[in-house]
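Visitor:
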Amino acid sequence: MTIELGDDHGELHRARALVRERLAGLPAGLAEDVVLVADELTSNALRHGRAPRRVRLVRGDGFVRFEAEDGSVIPARRTEGTTTGGRGMTLVHVLSTRWGQRVTEHGKVVWAEFDLA
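Each residue of the sequence shown is one higher than the one before, counting from 0 in numbering that gives the first Met the number 0.
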């Protein structure tokens, strides 16, 4: 499932709702980890990326993948952060089974996967 995002930070709610809806039936802890990561990746696309923006949730055999795509080629990176923020990609790293990013024709996709087994 893919949704196009506008420029409004209210889009975070749409991304979280997509994940919660599509992952109904998974263990609550796992679903909430995916929601937290989806929120972070969507927030980064809105805050640091540029249009076009879209998010995608893929549920495959034994895994779930959340992707956030935006029009910027500046890579996402982990930082030590401060008391006011900057720890989001560390959260993604800790909660997901694996994560990465790829450059596309129009920007980049940052993704995180979660094993279901």
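Idealized CB from N, CA, C, for every residue including glycine.
By a C-beta neighbour count over all protein chains shown, 10 Å radius and 16 as the cutoff for buried, is V72 buried or exposed?
Guide: Its Cβ having fewer than 16 others within 10 Å, V72 is exposed.
Visitor: Given this structure, state the Cα-to-Cα distance separating A23 from E79, to the nearest angstrom.
Guide: Taking the straight line from one Cα to the other gives about 33 Å.
Visitor: Only counting runs of 4 or more residues, tell me where the alpha helix (DSSP H) segments fall wholly within the region 38–76, in order along the chain.
Guide: If we require 4 residues or more, the region 38–76 turns out to have no alpha helix (DSSP H) run fully inside it.
Visitor: With DSSP as the reference, please indicate the residues paired to V108 in a beta bridge.
Guide: For V108, which the question treats as bridged, DSSP gives the partners E68 and R101.
Visitor: Where do the N-terminal and C-terminal ends of the beta strand (DSSP E) with L4 fall, by residue?
Guide: Where L4 is concerned, the enclosing beta strand (DSSP E) stretches over T1 to L4.
Visitor: Do you know offhand how far A44's Cα is from L115's?
Guide: Each residue's Cα considered, the two are about 26 Å apart.
Visitor: Can R58 and D69 be called in contact, C-beta distance under 8 Å?
Guide: No, the pair does not count as a contact, with Cβ atoms beyond the cut-off.
Visitor: Take H105 and list the residues in its own chain whose beta-carbon comes closer than 6 Å to its own, dropping the five residues that flank it on each side.
Guide: For H105, where only same-chain residues beyond five positions count, the Cβ hits under 6 Å are G70.
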